Each structure stands twice: as C-alpha cells, then as structure tokens.
Amino acid sequence: MIKIAPSLLSADFADLASDIESIKSADWLHFDVMDGVFVPNISIGIPVLTSVRRTTDMFLDVHLMITQPQRYIGDFAAAGADLITVHLEGAAPEDIHAALRRTRALGKKAGLSLKPGTAADDLLPFLSECDLVLVMFVEPGFGGQKFMRDQLDKLSALRKIIDVRGLPVLLEADGGVNPATARLCAAAGADVLVAGSDIFKAQDRAARIRELRGEI
Ligand code: DX5
Ligand code: ZN
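Residue numbers are given in the numbering used here: position 115 of the sequence shown equals residue 782, and the series is strictly consecutive.
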C-alpha cells in the first residue's frame, strides 16, 4: 500500500495542532525546512519540529531544503525527526556522505533528494547509505506548483535500480501531487507520496488521503 505524507507547508502555522489532527489518518507527516539560500523561501525549523513532535506520534518525515545540511542533522534528530532527507545539491559529496552516515548513526532513517535538474545517476554513489530517495516533481521552495511529468522517467529509472539491486530503499515523490498525478507516481514505482496543497485545500481531508492512496 502506498504511503501518503501530507506536507505541513500548506497547513495553518497558527493552528498546527488541529491541522495535524485533521490529517492523522495519513501515514507520515512531511515537514519542509527552507533556509532562503538553497531555495528562495524560508519556512519552519527546529523549534517548530520540537512542538510538532510533542503533538503527534506520526512518523516525521523531515525534508531539509538547506545548504550544508550536515551541520544540522543532530539538531533535527534531537527535535524528533524519524527520517531526515538532505539534498544532493546542498553540499559537497563528502558532506552528503557524512550527513547520511550521521543520520543513521543517530538511529534515524536517512533520505537523499534530487532537484528536477539533477540526474538519477548522480545519486548512485550514495544509494547504499540511503533508506529513502525523494524525487522532486517541482523546483523546491513553494507548495502549489505544477507537477513536472518529465520527472516520471527518473522515478521509474530509480525504481528499476533499487529493485535490480534488491535494496531496502523507499522512493518518495514530492510536488504537485493530486489524485491524477498520484496515479502516475504509483505506476512509476513510488512508495510514498507527499501532498501539501491538494490535501489541505480539500473539504474532507481524510477522504482525500484515501483517494490519493487509490482506495476510493
Ligand atoms: C516544495 C516542498 C513540498 C511542498 C509540496 O518545495 O518540498 O513538500 O510542500 O507542496 P504541493 O503538494 O502543494 O506541491
Ligand atoms: Zn518536501
């Protein structure tokens, strides 16, 4: 069964507890961190994650859209992240290796993400250190953007590599996910779908989560 991870970026930050309650039937909670340098937007960070951790038992899927993410792995782990995903484009290769290793050493799942312009092959040297690969279907930075269909080939290519090698790596799709594009991602081999605006705009969020899973 495909997992759904609502992105808190589309929630009301003044009313987070009730927005989290409204999506508790989902599988994971996606937490987007932006530093205004790696992406042209600033979102939420460590103190908000600490508060969210106190509010919910959901699996916290933290997506770091920041430069030099290796500096903050310890802080996000201590704040309650279950999975910490860094961007391949965010630091030099040795720092990315260090970030992934540190995440696992702290007992957390380690993820690596690719921007739309980055090729799947660039990730291969890191694959054995990853528990999850996140494929972006929009340029990171903002919710509510249009799904980039041309990234589906990258998703299926990664699915093949993971399956051929028999690696226990989950594939996550993020950006522009709605019931129609969710089908495309599922068919291309995604295990986890992030959806922000589509879920938080829905009248019935629980029903929308079921629809994204393909249950209705
Ligand atoms: C974008 C973020 C996404 C975003 C998705 O940079 O990484 O997680 O919240 O938002 P939607 O689902 O609205 O495209
Ligand atoms: Zn994200």
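Where a beta carbon is used, it is the ideal one built from N, C-alpha and C, also for glycine. In this text the structure is predicted, and so the values were computed from the model without any measurement.
Residue i CB to nearest heavy atom of the ligand DX5 below 7 angstroms
| i | result |
| --- | --- |
| MET815 | no |
| SER689 | no |
| PHE809 | yes |
| ASP686 | no |
| ASP865 | yes |
| GLN818 | no |
Nearest residue (CA-CA) to residue i, options the options
| i | options | result |
| --- | --- | --- |
| SER710 | ALA786, ASP679, ALA746 and VAL861 | ASP679 |
| LEU825 | LYS868, THR785, LEU716 and PRO760 | THR785 |
| ASP798 | ALA672, ILE690 and VAL836 | VAL836 |
| ILE713 | GLU878, GLY833, ILE829 and ILE740 | ILE740 |
| GLY843 | ALA853, ALA862 and GLY833 | ALA862 |
| LEU755 | ILE883, LEU773, ARG771 and PHE793 | PHE793 |
Proximity test, residue i beta-carbon vs the ligand ZN heavy atom, cut-off 7 angstroms
| i | result |
| --- | --- |
| ASP699 | yes |
| SER674 | yes |
| VAL861 | yes |
| ASP702 | no |
| ASP841 | yes |
Opposing strand residues paired with residue i [DSSP bridges]
| i | result |
| --- | --- |
| MET732 | MET701 |
| GLU839 | LEU801 and VAL859 |
| PHE726 | TRP695 |
| THR752 | HIS730 and GLY778 |
Exercise. Determine, using beta-carbon pairs with one atom in the stretch 803-815 and one in the stretch 765-772, whether at least three such pairs fall under 8 angstroms.
Key: Pairwise C-beta distances place the stretch 803-815 out of contact with the stretch 765-772, as fewer than three of them are shorter than 8 angstroms.
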